[in-house]
Structure formats: C-alpha cells, structure tokens
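Q: Residue numbers (the numbering used here): 67 to 566.
Just dropping this structure here.
Written as structure tokens, this is what we have:
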C-alpha cells in the first residue's frame, strides 16, 4: 500500500489533512507543516485545497465541491476553527487568575470519535486487505494526537510550557450525533457480545469498553455495519465545546513552626461535636499563608513531622510542616511575601514560623516516611515527693540507649488503637531545679513516637521501664517542651534578608 493510495482514499472519505497525517503515522513536529510532511512522505498536495485557498483570497465563494467540510473522522477537532474557539474560550475563563507557567489539556472526547475510528479501520481493511492489521489501529489514536497536535498549538498561543502537573484545563466536548450513536452502540454491544450481555443486568457503555473490545479482531464488520456506516458518514456539524474548567496545580509550602503556648491544640479540637479551643496551630498558619495561593482555605491539608499535646511547647528550630494547597492560583512565593506571612503568624503570640518556602511535591517524603526512625529531643520539668538525692541524679544520667515497652496511653485510646509499642530511649540527663530541690529538669532523647509523659511516670506500669521505675520513686511531669527534631528539612532560608 502506497502512501499516495492511502491518502487519496482518505480524501474521498472526507478525512481532513491532519487526520490523513494520523493515518500516515506522523509524529511530533511533522504536524506543524502539513504540505512539507506530505511531500516528504511522497504524497501529492490536494489541488482542491490549494484552489480553495486561491478562490477565497480573490473574494469569490468556493464551489460546493471545492469547499472542505467537517472531517468525517475527527469531526473538526483538529480544525483551525475549533482551535480558535478553544483558545478564545480559555482566555474568556478565569485563566488570567492563575500565574502557573505550565499547562496541560485534559479533553473529554465524545464516543462518536471512537466509533468513527473503528468504521474507518473496517473501511481500510476492505480497501487494502491484509496490509491493515486487525489488532493494531491504522492511525495515531485521537487521544495521542491531541497531545501531539493541540497541546503544542495551545501552549504556543498562550505562551505557556507543557507539564502534566501544571494548570489543568479540563475541556468537555460533545457532538449532536453522540446520544443517537450511543443508543445504537448499546444494541450493537448486545449482538456483538451476547454472552457478556446475558450476564449483565445493565450494560455500561464507556470509552474504556470501546478501547478494549471494539477492534476488527473482536467485532465483525458485517455486525458493525448493521448499526454504523462503513466508512463513516459525512457530517454537517462539527464537534462542540460544552465547558471549560480550570484546575490549578498542587502547591506545597513548607517551613518550621514553634509552638509558644501551652493552651493550643495542633489541629481543631472537637469532642462530641463541641469545639474545646478557639484556635489551633493548623488554623493560624493556614489563615495567614493560604489566601496568597487560594480562596478555598478549607481544601488545604496541613501536615507536620509529628505533633505536640495541647500543653506542650515546641521550641528550638521548630517542627517541620507543610501545607498541601490544591487548585492553587499562585505558584510562587517571594521572600518579601514569605516574610510578611511569617510576621503575621508571629503576631498571634502562640505560634512562630520561619524558613517558609515553596517546595517540590516529591520532597514531602521527608514528612511522610521514616517517621519512627527520627530522633526527638525533649526537656521535661518533673516533680518528686522528696528532695532530689545524689543517687537519684546518678540513676538519671543515662548515656547508653535502652528499650522500653509502651502501651497506648489511656489518654489517647479514644483516637489510637491499643498496642504495645517498643521504643528506644537514646539518652537521659537530669539536673536539680535551681529554685526547687524536689524538682528535676530532665533532657531526654528518644525515638519518635515515644509518649514522654508516660515514660516519666510509667502510667501504672503501662510503660516499662519508666524513669519513675528506674529510680524506684513516684515522679510526675509538670511541664514538657520539644527542643529538637532530627529532620534537616526544609532547608534554611532567611526571608528577612532581601536581595540588594
């Protein structure tokens, strides 16, 4: 089968030049200059197209025979008219509100296109015989062609790059014949696959069904032709654009927070439908960072490397956190903007943040994985019923690591399953409080996930050994601070320093 013979047959079936190139298996940039590609593939140019262009330039209406109609295979999807309509519709949407420099088109195509692709497949088999494979489509599939043809054109016109993770432009297309053809497809499906149809109360007609089941090796042309024309019929109407929906990219904003209050929950604290505290770390940070990126603050996800109890402070360098912001309208954060957000959060008096920055999504593995392998550093104020002795101090100077067995604390059983968890304590270092001889300040380095309060007092033997059991005396914890977290992420950035 010669390329010229194939193209002449396609032209006789009302197939546009772009789709002719699809059946010639053109790739990438070959779609940008149709005439050059056709000549390279030893195909003569269509004189009717050339004559039509000349007639139109002279201001005379072309004859009906010369005028190009709607392509019988793509239904005008690759026509310049549709490209212009699509471009204008995108510009008329909220497109300008997004600053994302990369885009991706997600086009929902009518099933009529798949039906026409199959009709042309059958037609080419009849025309050219065994040279047309019954398992592998003779054309570049429509979905792939969209990426090869429409994506570069729209990206160029909008002055944007292409990225699958960029601003997603969801485009819904339909055609006036689709409802009618889907009804025919339901009947065809029952006849073509009677065994499957008999076992299904309801037949789900979908694009996936067409892709998997409808090819010449599985459906006979004679059966198909009872419901659809071979080759596909010419149409008067082109494909219709029904809606455009924009979905901004997922932006991740990371930093470290310090919790300065002993009366602040990590996330909104709601018990039995009643809110117990007015604010939370999550809400304070989202309230001051989120509006820069999105109007829908409720869609933002807050994550951190662990969490503190309500009455525990987090000091030192702070705890790493990240905000996952879907459908973000802004993707960048300048140092000026980040510093203003840091100051706004600091003004709450309860939380302080620093190192605020946009990070790649791939870096979230630092937060999400290996949590229990991290070390955490604590400082606890503990009380005894008697003055601290030299023996007690010596017992609480532990430089060698040891393991404990810790049952889920009673105080968190309402939200955590009952398990006994092994945990490693890396070091313990105690000293007497300067102003209270019955009080100890204890620095503890532990494996992440250790419940420190229970490590101190033992919780009726549910944590063994505990510091209380080590000294053989009852001991309680009065205050607790997180002073360090063994996670060097995100990288340090001083947003207060501006470039000169």
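Every residue gets a Cβ at the ideal spot worked out from N, C-alpha and C, and that includes glycine.
In this text, all values refer to a predicted model and were calculated from it rather than measured experimentally.
Could you check which residue in 539, 515, 514 has the C-alpha nearest to that of residue 526?
A: Out of 539, 515, 514, 539 has the C-alpha closest to the C-alpha of residue 526.
Q: Suppose you measure from the CA of residue 567 to the CA of residue 367; what does that come to, to the nearest Å?
A: This structure cannot speak to residue 567, because the chain is shown only from 67 to 566.
Q: Excluding five sequence neighbours on each side, which residues of the same chain lie with their C-beta closer than 8 angstroms to the C-beta of residue 185?
A: Excluding positions up to five away in sequence, the list reads 290, 294, 295, 296, 297, 298.
Q: Express the C-alpha separation of residue 416 and residue 343 in angstroms, rounding to a whole number.
A: Residue 343 and residue 416: Cα-Cα distance of roughly 13 angstroms.
Q: Cα-Cα, which of 208, 309, 492 is closest to residue 440?
A: Closest option to residue 440, Cα to Cα, is 492.
Q: Hey, how far is the Cα of residue 550 from the Cα of residue 325?
A: Using only the alpha carbons, I get a separation of about 12 angstroms.
Q: Starting from the N-terminal side, write out each stretch of the alpha helix (DSSP H) that is 4 residues or longer and does not extend beyond the segment 83–118.
A: Complete alpha helix (DSSP H) runs here, min 4: 83–89, 100–106.
Q: So residue 319 packs on residue 399, CB below 8 angstroms; how close in whole Å?
A: About 7 angstroms separates the two Cβ atoms, so the contact holds.
Q: In whole angstroms, what separates the C-alpha of residue 530 from that of residue 469?
A: Roughly 9 angstroms between the two C-alpha positions.
Q: Rounded C-beta distance between residue 166 and residue 315? I'm assuming under 8 angstroms.
A: Sure, about 6 angstroms apart at Cβ, within 8 angstroms.
Q: Taking 7 angstroms as the cut-off, decide whether the C-beta atoms of residue 496 and residue 462 are in contact.
A: Yes, Cβ-Cβ distance for residue 496 and residue 462 is below 7 angstroms.
Q: Which residue comes first and which comes last in the beta strand (DSSP E) that contains residue 508?
A: It spans 502–513 - the beta strand (DSSP E) in which residue 508 sits, taken as one unbroken run.
Q: Any contact between the segment 272–280 and the segment 233–243? By contact I mean 3 or more CB pairs, one from each, below 8 angstroms.
A: No contact exists between the segment 272–280 and the segment 233–243.
Q: Based on Cα-Cα distance, which residue from 548, 209, 78 lies nearest to residue 516?
A: Checking every option, the nearest Cα to that of residue 516 belongs to 548.
Q: Taking residue 488 as part of the beta strand (DSSP E), name the residues at either end of that continuous run.
A: Here the beta strand (DSSP E) through residue 488 covers 486–499.
Q: Answer yes or no: do residue 518 and residue 444 have a C-beta to C-beta separation smaller than 7 angstroms?
A: Their beta carbons are under 7 angstroms apart, which means residue 518 touches residue 444 by this criterion.
Q: Which value, in whole angstroms, describes the spacing of the CA atoms of residue 346 and residue 413?
A: So the two alpha carbons sit approximately 14 angstroms from each other.
Q: From what residue to what residue does the alpha helix (DSSP H) around residue 421 run?
A: Element bounds for residue 421: not the alpha helix (DSSP H) but the beta strand (DSSP E), 417–425.
Q: Assuming residue 169 contacts residue 212 under a Cβ cut-off of 8 angstroms, what Cβ separation, rounded to an integer in Å, is found between them?
A: With a Cβ gap of about 13 angstroms, residue 169 and residue 212 do not count as contacting.
Q: From the DSSP output, which residues share a beta bridge with residue 448?
A: Answer is 506, 543, bridged to residue 448.
Q: Pull up the distance between the alpha-carbon of residue 279 and that of residue 285, whole angstroms please.
A: Whole-angstrom Cα-Cα distance: 8 angstroms.
Q: Compute the distance between the beta-carbons of residue 431 and residue 394, then report whether it is under 7 angstroms.
A: Contact flag unset, no.
Q: Hey, how far is the Cα of residue 558 from the Cα of residue 356?
A: Cα to Cα, residue 558 sits roughly 21 angstroms from residue 356.
Q: Under 6 angstroms Cβ to Cβ from residue 437, same chain only, skipping five residues before and after it: list those, please.
A: For residue 437, where only same-chain residues beyond five positions count, the Cβ hits under 6 angstroms are 514.
Q: What's the C-alpha gap between residue 164 and residue 313?
A: About 10 angstroms.
Q: Between residue 193 and residue 75, is the Cβ-Cβ spacing less than 7 angstroms?
A: For residue 193 and residue 75, yes; Cβs fall inside 7 angstroms.
Q: Do the CB positions of residue 87 and residue 97 come within less than 7 angstroms of each other?
A: Yes, the pair counts as a contact, with Cβ atoms nearer than the cut-off.
Q: What does a CB cutoff of less than 6 angstroms around residue 82 pick up in its chain, not counting 5 residues either side in sequence?
A: For residue 82, where only same-chain residues beyond five positions count, the Cβ hits under 6 angstroms are 137.
Q: Between 498, 467, 72, which lies nearest to residue 204 when the distance is taken from Cα to Cα?
A: Taking only the C-alpha atoms, the option nearest residue 204 is 72.
Q: In or out: residue 201 buried (at least 16 other Cβ within 10 Å) or exposed?
A: By the neighbour-count rule (16 or more Cβ atoms within 10 Å), residue 201 is not buried but exposed.
Q: How do the segment 146–158 and the segment 250–260 stand: do at least 3 beta-carbon pairs fall below 8 angstroms, yes or no?
A: Short answer: they don't touch.
Q: Would you mind stating whether residue 383 and residue 561 have Cβ atoms separated by less than 7 angstroms?
A: No, these two residues do not count as a Cβ contact at 7 angstroms.
Q: Give me, in chain order, the residues of the same chain whose beta-carbon lies closer than 8 angstroms to that of residue 176; leave out the 5 immediate sequence neighbours on both sides.
A: If we look at residue 176 and ignore the five residues flanking it on each side, its Cβ neighbours are 141, 239, 240, 241, 244, 305.
Q: Classify residue 283 as buried or exposed, calling it buried when 16 or more other Cβ atoms lie within 10 Å of its own Cβ.
A: It counts as exposed.
Q: Give the C-beta separation of residue 641 and residue 317 to the nearest angstrom, bearing in mind that I take them to be a contact with Cβ-Cβ under 8 angstroms.
A: Shown here, the chain extends from 67 to 566; a query on residue 641 therefore has no answer.
Q: Between which two residues does the beta strand (DSSP E) carrying residue 174 extend?
A: Run containing residue 174: 168–174, per the beta strand (DSSP E) assignment.
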